[in-house]
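Peer 1:
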Amino acid sequence: MHRFKDLDIWKLSRKFCSQIYITTANFPDNEKFGLTNQLRRASVSVPSNIAEGCSRSSNKDFSRFLEIAIGSIYEIETQLLIASDLGYISQVKVDELIYDLDKITKMISKFRSTLQI
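Structural data, given as structure tokens:
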């Protein structure tokens, strides 16, 4: 088992989640149950799956949770692009957030490759 609070991927994804909450606070009220909710839930999913995976007794199980976290990252990227298409967020902000997502994805992928499965 791993201590999730010690993992840089967990720390960074938790910080990213806060960025999503701040960003979506400016979305229109009519998106409260749409993109705002979807982005927030997907962003919470990333550090949550990393933490849950740490509790598993096998690296194979942990790796699966990391894979789910990466899936949530792709979901976030898609939703950010849609939010940009709708004019809810600037392209500059989307690019910044996607840069952070790419960094997290690479870190998770590299970490997964070190697990002895």
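Residue 4 is where the sequence shown starts when you use our numbering, and the numbers rise one by one after that.
Ideal Cβ placement from N, Cα and C applies to all residues, glycine included.
1. Please return the same chain residues whose Cβ sits closer than 8 Å to the Cβ of isoleucine 73, not counting the five positions on each side in sequence.
2. So does the stretch 27-36 actually touch the stretch 50-66, counting three or more Cβ pairs closer than 8 Å?
3. Go ahead and pull the three-state DSSP assignment for lysine 113.
4. By DSSP, does arginine 43 sit in helix, in strand, or in coil?
5. Could you check what DSSP says for isoleucine 6 in three-state terms: helix, strand or coil?
6. Given that a residue counts as buried once 16 or more other Cβ atoms are within 10 Å of its Cβ, and exposed if not, what is serine 93?
7. For the candidate residues Gly56, Cys20 and Ile25, whose alpha-carbon lies nearest to that of arginine 44?
8. So alanine 86 and leucine 38 are supposed to be a Cβ contact under 8 Å. How far apart are they, rounded?
9. Rounded to a whole number of angstroms, what is the C-alpha to C-alpha distance between leucine 89 and aspartate 103?
Peer 2: If we stick to the structure as given:
1. Same-chain partners within the cutoff: Thr108, Ile111 and Ser112.
2. With a cut-off of 8 Å, the stretch 50-66 and the stretch 27-36 do not count as touching, because too few Cβ pairs lie within range.
3. Residue state, collapsed to three classes: helix.
4. Helix at arginine 43.
5. The identity of residue 6 in the sequence shown is arginine, whereas the question assumes isoleucine. Reduced to three states, the DSSP call for arginine 6 is coil.
6. It counts as exposed.
7. Ranking Gly56, Cys20 and Ile25 by Cα distance to arginine 44 puts Cys20 first.
8. The C-beta separation of alanine 86 from leucine 38 comes to about 5 Å, placing the pair in contact by the 8 Å criterion.
9. So the alpha carbons of these two residues sit roughly 21 Å apart.
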